[in-house]
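Below is one structure; the comments refer to it alone.
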Amino acid sequence: MSKKAKKIVGVMGGMGPAATIDFMSKVMAQIDSARDQDHLHMIVDQDPTVPNRQVALASGLDDVTPRITAMAKRLEESGAAFLVMVCNTAHAFLTGVDAEINIPLINIIEESVGEIDRLYPITSAVGVMATDGCLSSGLYQEAIQASGRKAVIPDDKNLDELMRLIHSIKAGKENGDISNAMAGVAQSLVARGAEVIIAGCTEIPIVFDGHSFDVPVISSTDVLVDRTLALAMGTEPLQGSK
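Numbering (my numbering), first residue to last: 4 to 245.
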């Protein structure tokens, strides 16, 4: 393991709690550790009281930005070198947050679409499994279109089903039925031309990893884990410091 000083990671969590724990567990699992000191120093703000991102986006009444901005500033003041936010939908509020901090905040949307550029460059249609708020904000659609590809999003029926499944996971229901139903939503995207799928909600990979699915599935959680490790360990340069 590299002897370089590892950078401190600030984790903006609680949106939801299980997804944050899943992210942290996957970070730990990727480290070849023989002792406690081999792991990363992560400062975690696990705040499940951040207002509902879907409601804020649907209503236009933004009570989210002030809360996650305060979270980001706390983590920066605590010594984090960079931030990760373990929630795709919350990235709709990223502009307001980024203006108030002096350290980089890694964008899970950009990183997930970038993973397709790296691994599946010849694909032309990308399916997106994400919340209604994330999709209505166009976060993934814009990034995918900017990469020269078509975004395939769930129709109304499958989006309703996907939201039901995400809420079930948030309620602690993690079982085979949920996983199978999630695969059904993914299959509906393949039927409409998706050649690769992004699991663009951090609850989804808790039950659906896509390892045996018909087309490749990019887990936004796994992408964020890999990027976090690379930046914290110094195998990739940390850019964007202000």
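Note that beta-carbon positions come from the ideal geometry of N, C-alpha and C, so glycine has one too.
The Cβ atoms of T72 and E103 sit closer than 9 angstroms to each other. Take I181, set aside five residues on each side of it, and the residues of its chain with a beta-carbon closer than 7 angstroms to its own are L168, S171, I172, V210, in chain order.
If you draw a 10 Å sphere on the C-beta of L64, you find fewer than 16 other C-beta atoms in it, and that means exposed. Between V87 and L43 the beta-carbon gap is near 11 angstroms, outside 8 angstroms, which marks them as no contact.
Q49: member of the beta strand (DSSP E) spanning 45-49, first to last residue. Secondary structure remark: continuous beta strand (DSSP E) runs of at least 3 residues inside the segment 77-117, in chain order: 85-88. At a Cβ-Cβ threshold of 9 angstroms, D212 and V220 count as neighbours. For V226, the enclosing alpha helix (DSSP H) covers residues 223-236.
For M27, the closest C-alpha among the options D48, A202, A197, E113 is that of D48. At the C-beta level, I24 and V131 stay beyond 9 angstroms of one another. In the three-state reduction of the DSSP assignment, V218 falls in the coil class. Apart from the 5 residues on each side of it in sequence, G99 sits with its Cβ closer than 7 angstroms to the Cβ of T68, T72 in its chain, given in chain order. Around the Cβ of D159, a 10 Å sphere holds fewer than 16 other Cβ atoms; the residue is exposed. Using a Cβ distance threshold of 9 angstroms, V30 and L232 count as a contacting pair. Between the alpha carbons of E177 and P208 lies a gap of roughly 11 angstroms. In the DSSP assignment, the residues bridged to K153 are A128. About 6 angstroms separates the CB atoms of F85 and L234; that is less than 8 angstroms, so the two are in contact. For M15, the pairing in a beta bridge is given by DSSP as D48, M88. A direct Cα-to-Cα measurement between S127 and K10 gives close to 36 angstroms. The three-state reading of DSSP puts I71 in helix, counting H, G and I together. Burial is judged here by how many other beta carbons sit within 10 angstroms of a residue's own beta carbon; V155 has at least 16 and is buried. For A21, the enclosing alpha helix (DSSP H) starts and ends at 20-32. DSSP places V193 inside the alpha helix (DSSP H), whose first and last residues are 179-194. Counting along the chain, V199 sits inside the beta strand (DSSP E) bounded by residues 199-202. Residues A154 of the same chain have their beta carbon placed closer than 7 angstroms to that of Q148, with the five preceding and five following residues left out of the count. In this structure, L241 lies away from S139, with their beta-carbon atoms at least 9 angstroms apart.
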